[in-house]
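Novice: My structure is below; once you've seen it, I'll send some questions.
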Amino acid sequence: MSAALRDQYGRGIEYLRISVTDKCNFRCLYCMPLEGLQWLPKSDILSYEEIAGIVAQLAPLGLRRLRITGGEPTIRPDLDRLVAMLRLVGEINDISLSTNGVRLPELAGRLRGAGLDRVNMSVDSLRPDRIAAISRRQTGFDPFASAVAAERAGLDPIKINVVVMRGINDDEVCDFARLTLEHAWHVRFIELMPVGDMRELTWEHVVESAEILDRAASVGPLTRTVGPSRGNGPADYYRLEGAPGTIGVITPMTHTYCSSCNRVRLTADGRLRTCLFGDHEVGLRDPYRRGERLEPLFRQALAAKPLEHNLLQMKVGGLRALSQVGG
Ligand code: SAM
Ligand code: SF4
753 MSAALRDQYG RGIEYLRISV TDKCNFRCLY CMPLEGLQWL PKSDILSYEE
803 IAGIVAQLAP LGLRRLRITG GEPTIRPDLD RLVAMLRLVG EINDISLSTN
853 GVRLPELAGR LRGAGLDRVN MSVDSLRPDR IAAISRRQTG FDPFASAVAA
903 ERAGLDPIKI NVVVMRGIND DEVCDFARLT LEHAWHVRFI ELMPVGDMRE
953 LTWEHVVESA EILDRAASVG PLTRTVGPSR GNGPADYYRL EGAPGTIGVI
1003 TPMTHTYCSS CNRVRLTADG RLRTCLFGDH EVGLRDPYRR GERLEPLFRQ
1053 ALAAKPLEHN LLQMKVGGLR ALSQVGG
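Everything in the sequence shown is counted per my numbering, starting at 753 for the first residue and increasing by one.
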C-alpha cells in the first residue's frame, strides 16, 4: 500500500472525516442556534455513492482511517448503506462514527453489521433534565443505554466525549470519571471552543483541562496511560486505579495538536477542508460529478494545509459552527 501523502510541512495525511449532513436532531448550546442554520440544499449534498467514489479515489493516496460525522450523521437515512460501501475500499482499515448517540439503540447493530468499527458519543450530562437543557430537545436520550447498545453490538472502543461548560455541567466531571471504574469506556473531556453562533456561551464558560483533571483526580489518583487501542486522536489519557476505562482530555483551547495533524475533512456538500478552522478548502463535488480525477485537487489542498491555527487569537463568531464543517 502507498505511504500517506504528505502536506507541505511533511505531515502524512491518512485520516478523513466525512460529514454526511449539516442537520441535527439536537441544538447543543455550543454548536447550533435554536432556530437551526441555513441548511444546504439537497442537490448540493453528496450521495452515498458519491462519497464512496471520492474516498475510493483518495484512499490510494494514503487514506487509512475514516470518521463519519455531521451534523448528526444518524439522521441521514440508511447510514449503514454508506458504511458498507466505505468498507469495500481496500485501503481503509478503520471506520468510526461521531454521534450524539440518540439513535444508537436502534442502529448500533445494523451499523456494526455493515462494517462500522467504533463509535464516539457526545454526552454532556448524565442527568435527563440537563441533557434536555443542553441539547434543547426532548428526546428522552439515555446515554447509558446507548453506550451499552454500542458495546453489545461489538463497537470497540467506545469513547464518550463531554464538552465541559462552567456552571452548566462542570459539576459532573467526577460522575463521568466514575463511569470508567465500572465500564471499559473512554471518557474524554473537551475544552469548550467559542466558535460559531453561540449566543448563550462565552469565554467565561471555558474550563481549562488542568482544572478538569484536578476535579477528576478527586475521585482517585490518576496515572498517565496510553489511550484506547484504536484511533488515538488528539487527547492525553489517564486512568483511575483499577479502572477498565480511561479518562482523556482534549485541549483545543490551551494546546494545539497542529504539528501532528494527520487529518482533512470532507463537508456534506463535498468541500475538502484541510483545517477545522480558517477557510482552506477545495471543492471536490463538481469535479467529481464532471468525471475529473481528484488526485491533483487533493495534492493542491494538502500543499495549502496551514501549519497551525490559534483559536485563542480568533474572535468569537468569526468561525463557523462545527456542525457545518464536520467537527
Ligand atoms: N453530532 C455528532 C456529535 O455531536 O458527536 C457529530 C458532530 S459534532 C459537531 C462533533 C463534536 O464536536 C462533538 O463531540 C461536539 O461535542 C463537538 N463540538 C461541537 N461544537 C463544539 C464547541 N463549540 N466546542 C467544543 N466541542 C464542540
Ligand atoms: Fe448536533 Fe453534534 Fe452539534 Fe450537538 S454537537 S448540535 S449533536 S451536531
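Ideal Cβ placement from N, Cα and C applies to all residues, glycine included.
Ends of the beta strand (DSSP E) at Tyr-800?
Specialist: If you number the sequence shown from 1, residue 800 lands on position 48. Counting along the chain, Tyr-800 falls outside any beta strand (DSSP E), though it belongs to the alpha helix (DSSP H) covering 800 to 810.
Novice: Would a C-beta distance cut-off of 9 angstroms place Leu-974 and Leu-965 closer than the cut-off?
Specialist: As a position in the sequence shown, residue 974 is number 222, starting the count at 1. As a position in the sequence shown, residue 965 is number 213, starting the count at 1. In this structure, Leu-974 places its C-beta atom within 9 angstroms of the C-beta atom of Leu-965.
Novice: What is the rounded straight-line gap between the Cα of Leu-789 and the Cα of Gln-1076?
Specialist: On the sequence shown, position 37 is the one that residue 789 refers to. On the sequence shown, position 324 is the one that residue 1076 refers to. When the Cα atoms are used, Leu-789 and Gln-1076 turn out to be separated by approximately 9 angstroms.
Novice: What do you reckon, is the C-beta of Gly-1000 under 8 angstroms from a heavy atom of the ligand SAM?
Specialist: As a first step, residue 1000 must be located in the sequence shown, where it is residue number 248. No.
Novice: Using CA coordinates, which residue listed in Met-917, Met-945, Tyr-989 is at the minimum distance from His-957?
Specialist: The residue you call residue 957 lines up with position 205 of the sequence shown. Checking every option, the nearest Cα to that of His-957 belongs to Met-917.
Novice: Straight-line CA distance for Lys-1067 to Leu-840?
Specialist: Residue mapping note: residue 1067 aligns to position 315 of the sequence shown, counting from 1. Residue mapping note: residue 840 aligns to position 88 of the sequence shown, counting from 1. Only weak support is given to the placement of Lys-1067: the predicted model assigns it a pLDDT of 45, under 50, and the question is left unresolved by the model.
Novice: Going by C-alpha distance, which of Arg-862, Glu-802, Tyr-761 is nearest Leu-831?
Specialist: As a position in the sequence shown, residue 831 is number 79, starting the count at 1. Looking at the Cα atoms, Arg-862 is the closest of the given residues.
Novice: Inspect the CB distances between the region 817 to 830 and the region 770 to 784 and report whether three or more fall short of 8 angstroms.
Specialist: Three or more beta-carbon pairs drawn from the region 817 to 830 and the region 770 to 784 are found closer than 8 angstroms, and the two stretches are therefore classed as touching.
Novice: Evaluate the contact criterion for the region 785 to 803 versus the region 841 to 853: three or more CB pairs, one atom per stretch, below 8 angstroms.
Specialist: no
Novice: Are the Cβ atoms of Ala-1055 and Leu-1024 separated by less than 9 angstroms?
Specialist: Here the question's residue 1055 lines up with position 303 in the sequence shown. Here the question's residue 1024 lines up with position 272 in the sequence shown. For Ala-1055 and Leu-1024, no; Cβs fall outside 9 angstroms.
Novice: Indicate the three-state DSSP secondary structure (helix, strand or coil) for Ser-1011 in the structure shown.
Specialist: For the purposes of this step, residue 1011 is taken as residue 259 along the sequence shown, with counting starting at 1. If DSSP states are grouped into helix, strand and coil, Ser-1011 belongs with the helices.
Novice: If you drop the 5 nearest sequence neighbours on each side, which residues of the same chain put their C-beta closer than 7 angstroms to that of Pro-1039?
Specialist: The residue given as residue 1039 occupies position 287 in the sequence shown. Cβ neighbours of Pro-1039 within its own chain (closer than 7 angstroms, five residues either side excluded): Leu-1046, Leu-1049.
Novice: Pairing CB atoms from the region 877 to 886 with CB atoms from the region 852 to 862, are three or more of them under 8 angstroms?
Specialist: no
Novice: Counting along the chain, where does the alpha helix (DSSP H) carrying Gly-1000 start and finish?
Specialist: Taking the sequence shown and counting its residues from 1, the one referred to as residue 1000 is at position 248. That residue, Gly-1000, is in no alpha helix (DSSP H); its beta strand (DSSP E) goes 998 to 1002.
Novice: Do the region 754 to 761 and the region 906 to 926 touch if we need at least three Cβ pairs shorter than 8 angstroms?
Specialist: No contact exists between the region 754 to 761 and the region 906 to 926.
Novice: What's the C-alpha gap between Gly-805 and Gly-994?
Specialist: Start at 1 with the first residue of the sequence shown, and residue 805 comes out as number 53. Start at 1 with the first residue of the sequence shown, and residue 994 comes out as number 242. If you take the alpha carbons of Gly-805 and Gly-994, they lie about 45 angstroms apart.
Novice: Within this structure, are the beta carbons of Asp-927 and Cys-780 separated by less than 9 angstroms?
Specialist: Taking the first residue of the sequence shown as position 1, residue 927 is located at position 175. Taking the first residue of the sequence shown as position 1, residue 780 is located at position 28. Taking 9 angstroms as the Cβ cut-off, Asp-927 and Cys-780 do not qualify as a contacting pair.
Novice: Examine chain D for any beta-carbon lying closer than 9 angstroms to the beta-carbon of Arg-855, and answer yes or no.
Specialist: Here chain D cannot be found, since the structure has a single protein chain.
Novice: Please list, in chain order, all residues with a C-beta atom less than 6 angstroms from at least one heavy atom of the ligand SF4.
Specialist: Cys-776, Phe-778, Arg-779, Cys-780, Cys-783, Met-784, Gly-822, Gly-823, Glu-824, Asn-852, Ser-874, Ser-1075
Novice: Under the three-state reduction of DSSP, which class applies to Leu-757: helix, strand or coil?
Specialist: Counted from its first residue, the sequence shown places residue 757 at position 5. Reduced to three states, the DSSP call for Leu-757 is strand.
Novice: Can you tell me whether Asn-921 sits near the ligand SAM, meaning its C-beta is under 8 angstroms from at least one heavy atom of the ligand?
Specialist: Within the sequence shown, numbered from 1, the residue matching residue 921 stands at position 169. Not under cutoff, so the answer is no.
Novice: Does the distance from the CB of Leu-1028 to the CB of Leu-1059 come in under 9 angstroms?
Specialist: Here residue 1028 is taken as the residue at index 276 of the sequence shown, counted from 1. Here residue 1059 is taken as the residue at index 307 of the sequence shown, counted from 1. The answer is no: Cβ separation not under 9 angstroms.
Novice: Taking Cβ positions, are Ile-765 and Ala-811 nearer each other than 9 angstroms?
Specialist: Position 13 of the sequence shown, counted from the start, is the residue given in the question as residue 765. Position 59 of the sequence shown, counted from the start, is the residue given in the question as residue 811. The answer is no: Cβ separation not under 9 angstroms.
Novice: Return the residue from the list Ile-942, His-938, Ala-866, Pro-996 that minimises the CA-CA distance to Ala-905.
Specialist: Your numbering for residue 905 matches position 153 in the sequence shown. Comparing Cα-Cα distances from Ala-905 to each of Ile-942, His-938, Ala-866, Pro-996, the minimum goes to Ala-866.
Novice: Rounded to whole angstroms, what's the CA-CA distance from Ala-968 to Val-925? Just pull it up for me.
Specialist: For the purposes of this step, residue 968 is identified with residue 216 of the sequence shown, where counting begins at 1. For the purposes of this step, residue 925 is identified with residue 173 of the sequence shown, where counting begins at 1. Taking the straight line joining both Cα atoms gives about 6 angstroms.
Novice: Look at the alpha carbon of Thr-1026 and the alpha carbon of Leu-992, and state the distance between them as a whole number of angstroms.
Specialist: In the sequence shown, the residue the question calls residue 1026 occupies position 274. In the sequence shown, the residue the question calls residue 992 occupies position 240. Each residue's Cα considered, the two are about 36 angstroms apart.
Novice: If you drop the 5 nearest sequence neighbours on each side, which residues of the same chain put their C-beta closer than 8 angstroms to that of Phe-778?
Specialist: One-based indexing of the sequence shown puts residue 778 at position 26. Cβ within range, chain order: Met-784, Glu-824, Asn-852, Val-854, Ser-887, Arg-888, Arg-889, Thr-891.
Novice: Looking only at its own chain, which residues have a Cβ that is under 8 angstroms from the Cβ of Arg-864, when we skip the five neighbours before and after it?
Specialist: The residue labelled residue 864 in the question sits at position 112 within the sequence shown. Closer than 8 angstroms at Cβ, skipping near neighbours: Ala-905, Gly-906, Leu-907.
Novice: Can you find a heavy atom of the ligand SAM that lies under 8 angstroms from the Cβ of Pro-980?
Specialist: Within the sequence shown, residue 980 is the residue found at index 228, counting from 1. Every heavy atom of the ligand SAM is 8 angstroms or more from the Cβ of Pro-980, so no.
Novice: Among Tyr-767, Asn-913, Glu-801, Leu-868, which residue has its Cα nearest to the Cα of Arg-1041?
Specialist: Residue numbering aside, residue 1041 sits at position 289 when the sequence shown is read from its first letter. Measuring from the Cα of Arg-1041, the nearest candidate turns out to be Glu-801.
Novice: Taking only the alpha-carbon atoms, compute the straight-line gap between Gly-1022 and Leu-768 and give it to the nearest angstrom.
Specialist: In the sequence shown, counting from the first residue as 1, residue 1022 sits at position 270. In the sequence shown, counting from the first residue as 1, residue 768 sits at position 16. C-alpha separation (whole angstroms): 12 angstroms.
Novice: Hey, is Pro-1004 close to the ligand SAM, as in C-beta under 8 angstroms from one of its heavy atoms?
Specialist: Your numbering for residue 1004 matches position 252 in the sequence shown. Yes, the beta carbon of Pro-1004 sits closer than 8 angstroms to at least one heavy atom of the ligand SAM.
Novice: Between which two residues does the alpha helix (DSSP H) holding Arg-779 run?
Specialist: Locating residue 779 in the sequence shown gives position 27, where the first residue counts as 1. Unbroken run through Arg-779: none, as it is neither H nor E.
Novice: Quick one: complete alpha helix (DSSP H) runs, 4+ long, within the region 825 to 849?
Specialist: Correct list: 831 to 839.
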